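Worksheet: one structure, shown below.
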Amino acid sequence: MTDVISQKGLLPAGLNDVLYPSAEIQAKTIEKLLDVFSSYGYLRVKPPLVEFEDSLLLDGPGSLLKDSTFRIMDPLSQKMMAVRSDMTAQISRISSTRMSHLARPLRLSYSGDVLRVKGDSFNMDRQKTQVGAELIGMQSERIDAEIILLCVKSLVSIDVSSITIDLNLPFLRDYLLKEIPVSSRDEINEAIDRKDQNLIKKLKIKNSDLILDFMKAAGDYNHSIKILSRLKLDNFAAEARDYLLNVGKIIKENDSLVNISIDPLENRGFKYHTGLSFTLFSQNHKGEIAKGGRYQTISKETATGFTIYTEKLYNTSNDLIERNLVYIPFLNIRIAEKIIKKGYKVIFGKKSNDDIELDAREMGCKYIWNNETIEKIKD
Numbered sequence: 001m002t003d004v005i006s007q008k009g010l011l012p013a014g015l016n017d018v019l020y021p022s023a024e025i026q027a028k029t030i031e032k033l034l035d036v037f038s039s040y041g042y043l044r045v046k047p048p049l050v051e052f053e054d055s056l057l058l059d060g061p062g063s064l065l066k067d068s069t070f071r072i073m074d075p076l077s078q079k080m081m082a083v084r085s086d087m088t089a090q091i092s093r094i095s096s097t098r099m100s101h102l103a104r105p106l107r108l109s110y111s112g113d114v115l116r117v118k119g120d121s122f123n124m125d126r127q128k129t130q131v132g133a134e135l136i137g138m139q140s141e142r143i144d145a146e147i148i149l150l151c152v153k154s155l156v157s158i159d160v161s162s163i164t165i166d167l168n169l170p171f172l173r174d175y176l177l178k179e180i181p182v183s184s185r186d187e188i189n190e191a192i193d194r195k196d197q198n199l200i201k202k203l204k205i206k207n208s209d210l211i212l213d214f215m216k217a218a219g220d221y222n223h224s225i226k227i228l229s230r231l232k233l234d235n236f237a238a239e240a241r242d243y244l245l246n247v248g249k250i251i252k253e254n255d256s257l258v259n260i261s262i263d264p265l266e267n268r269g270f271k272y273h274t275g276l277s278f279t280l281f282s283q284n285h286k287g288e289i290a291k292g293g294r295y296q297t298i299s300k301e302t303a304t305g306f307t308i309y310t311e312k313l314y315n316t317s318n319d320l321i322e323r324n325l326v327y328i329p330f331l332n333i334r335i336a337e338k339i340i341k342k343g344y345k346v347i348f349g350k351k352s353n354d355d356i357e358l359d360a361r362e363m364g365c366k367y368i369w370n371n372e373t374i375e376k377i378k379d
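Our numbering puts the first residue of the sequence shown at 1, with every later residue one more than the last.
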């Protein structure tokens with residue numbers, strides 16, 4: 001019987017039960033982030049978990065998410081449906097349809113679970129919780145700076161410190177390689193990813209000098225702006241470079257303490273982004289903690305937004321889940337409400353129990369309701 005029950009507890013690879021206290025920590029973390037978004041005028045939306053495949057995956061950001069998406073057959077309509085693997089595609093649909101009549105820029109925020117066919121190298125979980133914000137309908141350095149600063153502000157609210165913003169121009173790599181034969185691009189892209197300047201020199205490709213200059217510019221903010229400012233570029237590249245530098249300047253004007261790095265040619269992870277993009281890191285957390293940038297919605301509006309990888313950020317301190325539980329030996333809602341109004345939480349005791357204090361300890365309580373007062377249980 002025990003083996004049968006154990007088998008029923010098995011879950012598919014990459015899917016997990018989230019138990020206490022992790023589930024409570026996650027919920028409180030997400031609400032803190034959403035509260036920050038709301039404070040800055042971002043309207044909360046909640047898309048469905050499943051949509052018709054042809055609306056979720058064919059246009060805008062969704063068109064590049066096909067390989068990571070589960071499909072199912074809808075028994076009612078007999079149409080193929082898709083389980084969302086990224087909520088940005090749904091925000092694109094909502095802003096272009098049901099909220100198309102609202103004034104721009106439109107500010108939206110969201111949270112919800114997504115399901116992916118595979119995990120990634122940093123996190124093998126296939127079900128993840130996305131929390132993010134999108135600013136739709138305008139394009140400017142100030143707009144990009146706003147969304148980045150909002151991301152930083154929300155992370156600080158959940159006690160993430162030592163944050164670094166890495167600014168990127170993922171489209172710039174394609175622009176510099178546009179005249180290179182497709183057969184040669186894999187090797188060049190790999191060299192750029194590895195920061196292998198010697199290989200780029202050996203290949204002697206068109207724009208190799210510019211590629212090397214941009215590779216040398218990768219680094220901390222002060223180092224990068226010195227190199228980038230001196231580069232002689234054509235109109236397109238110069239405009240992209242100046243845009244990036246202006247965004248960095250606005251961020252610094254609003255938050256002089258935040259760290260900024262620049263890697264102009266970084267494009268990994270930016271599948272549907274069409275403009276300036278960014279990644280956030282923290283010295284206290286492994287890998288990327290947030291990612292975002294500019295893209296186009298299904299109605300070809302410019303939008304910029306970010307997603308926070310909440311699974312990496314859940315605070316394990318007891319501050320978020322401090323229970324301050326009061327044990328009430330009997331069932332009395334009126335007394336419970338009085339205690340709750342004082343800032344405590346309550347739990348009712350068993351119907352009959354000879355050792356109230358022992359029962360209270362087993363239930364994780366710090367206090368007992370006794371003789372009309374809250375008494376602390378002695379350690």
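By construction, the Cβ of each residue, glycine as well, lies at the ideal position given by its N, Cα and C atoms.
Since this is a predicted model, take the numbers as computed values, not measurements.
- In this structure, residue 19 sits away from residue 108, with a CB-CB distance that is not shorter than 8 Å.
- By the beta-carbon neighbour count (other beta carbons within 10 angstroms, threshold 16), residue 293 is buried.
- Residue 140 sits in coil when the DSSP states are folded into three classes, being neither helix nor strand.
- Here residue 201 has 208, 212 as same chain residues with Cβ atoms under 8 Å from its own Cβ, once five neighbours each way along the sequence are excluded.
- Classified as exposed, residue 17 has fewer than 16 neighbouring CB atoms from the shown chains inside 10 Å of its CB.
- In the displayed model, residue 103 falls within coil according to three-state DSSP, outside both helix and strand.
- Going by DSSP, residue 71 is part of the beta strand (DSSP E) stretching over 70-73.
- At a Cβ-Cβ threshold of 8 Å, residue 32 and residue 157 count as neighbours.
- Counting the other CB atoms within 10 Å of its CB gives residue 330 a total below 16, which places it among the exposed residues.
- In the DSSP assignment, residue 288 falls outside any alpha helix (DSSP H), carrying neither H nor E.
- In the three-state scheme derived from DSSP, where H, G and I count as helix and E and B as strand, residue 243 is classed as helix.
- When secondary structure is reduced to three states using DSSP, residue 234 falls in the coil class, being assigned neither helix nor strand.
- Beta-carbon to beta-carbon, residue 169 and residue 245 are separated by about 11 Å, too far to satisfy the 8 Å threshold.
- DSSP lists no bridge partner for residue 218.
- The beta-carbon distance between residue 83 and residue 72, rounded to whole angstroms, is 7 Å. This is short enough to meet the 8 Å contact definition.
- Taking the C-beta atoms as reference points, residue 89 is found no nearer than 8 Å to residue 106.
- Contact between residue 277 and residue 100 does not hold, since their C-beta atoms are separated by about 25 Å, which reaches or exceeds 8 Å.
- About 6 Å separates the beta carbon of residue 367 from that of residue 376, a gap short enough to meet the 8 Å contact definition.
- Residue state for residue 145 is assigned as helix, using DSSP reduced to three classes.
- With fewer than 16 neighbouring CB atoms inside 10 Å of its own CB, residue 182 falls in the exposed class.
- Taking 8 Å as the cut-off, the Cβ atoms of residue 35 and residue 166 do not count as close.
- No Cβ-Cβ contact shorter than 8 Å links residue 297 with residue 41.
- Within the DSSP bridge table, the entry for residue 166 names 261, 279 as partners.
- Within the stretch 31-55, the beta strand (DSSP E) runs of at least 3 residues that lie entirely inside it are, in chain order, 50-52.
- For residue 199, the secondary structure class from DSSP, reduced to helix, strand or coil, is helix.
- Here residue 85 really is in contact with residue 116; their C-beta atoms are around 5 Å apart, less than 8 Å.
- Out of 334, 224, 313, 358, the CA that lies nearest to the CA of residue 25 is found in 313.
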